[in-house]
Amino acid sequence: MAIEKTYSMIKPNAVAAGHVGEIITRFERSELSIERIELAALTPEQVKLGYEEHEGKPFYPPLIEFMLSGPVVKMVISGENAVARCREIMGATDPEKAEPGTIRADFGTSVRENAIHGSDSPESAAREISIYFG
Ligand code: IDP
Ligand code: MG
Numbered sequence: 007m008a009i010e011k012t013y014s015m016i017k018p019n020a021v022a023a024g025h026v027g028e029i030i031t032r033f034e035r036s037e038l039s040i041e042r043i044e045l046a047a048l049t050p051e052q053v054k055l056g057y058e059e060h061e062g063k064p065f066y067p068p069l070i071e072f073m074l075s076g077p078v079v080k081m082v083i084s085g086e087n088a089v090a091r092c093r094e095i096m097g098a099t100d101p102e103k104a105e106p107g108t109i110r111a112d113f114g115t116s117v118r119e120n121a122i123h124g125s126d127s128p129e130s131a132a133r134e135i136s137i138y139f140g
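Throughout, the numbering used here is defined as the position within the sequence shown, counted from one, plus 6.
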């Protein structure tokens, strides 16, 4: 199986609510490794590029505003099938539809404020690592 890297970030609502430790613990207890981690305020340029694929959708403007509303925790996560495995640990986009025990089910407060981001492919991961870590 392929060793991959993925980009993940704990979104502003989960940082503000004090769930960083619990979320990081879930990755530490998984077979994945946290390679890089940093608390940071994103720039508008980073968020617009990071969510470029959603430009023009009704949820895009409030999503950009939300992602700029407070600090996030940026992470590079690696391991076997890291992209898919990270998304399993995160759960579905809508916290109400996410499997119990996933990060989004436990810490997401709405579809928009769903606590965590994870890349959707190795290509997106490389692009997002470059956008967010430079
Ligand atoms: P993903 O984060 O599970 O990959 P995407 O479809 O790529 O989901 O959407 C990116 C982000 O945009 C979501 O994580 C969520 O924060 C937000 N989002 C997606 N769909 C909606 C929606 O219908 N309403 C509000 N926010 C949304
Ligand atoms: Mg996505």
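The beta carbon of each residue, even a glycine, is placed where N, CA and C say it ideally should be.
Separation of Ile-70 from Gly-56, as counted between CA atoms: 10 Å
Which partner residues does Arg-32 have in the DSSP bridge list? Partner(s): none; Arg-32 has no beta bridge.
Here's a check: name, in chain order, each residue in its chain whose Cβ is nearer than 8 Å to the Cβ of Lys-17, leaving out the five neighbours to either side. Phe-72, Met-73, Val-78, Glu-119, Asn-120, Ala-121, Ile-122, His-123
The ligand MG heavy atom lying under 6 Å from the CB of Asp-100: no
Touching or not, the segment 75–89 and the segment 26–42, by the rule of three or more beta carbon pairs under 8 Å? yes
By alpha-carbon positions, which one of Asp-100, Arg-91, Ser-75 ends up nearest to Lys-11? Arg-91
DSSP bridge partner residues for Ala-20 (one or two, in chain order): Answer by DSSP bridge pairing: none, since Ala-20 is not bridged.
Is Lys-80 buried or exposed, if buried means 16 or more other CB atoms sit within 10 Å of its CB? buried
Exposed or buried, which one is Arg-95 when buried takes at least 16 other CB atoms within 10 Å? Here the sequence assigns Ile to residue 95, which means Arg is not the residue at that position. By the 10 Å Cβ count, Ile-95 comes out buried.
Taking 6 Å as the cut-off, does the CB of Asn-19 come closer than this to any heavy atom belonging to the ligand IDP? no
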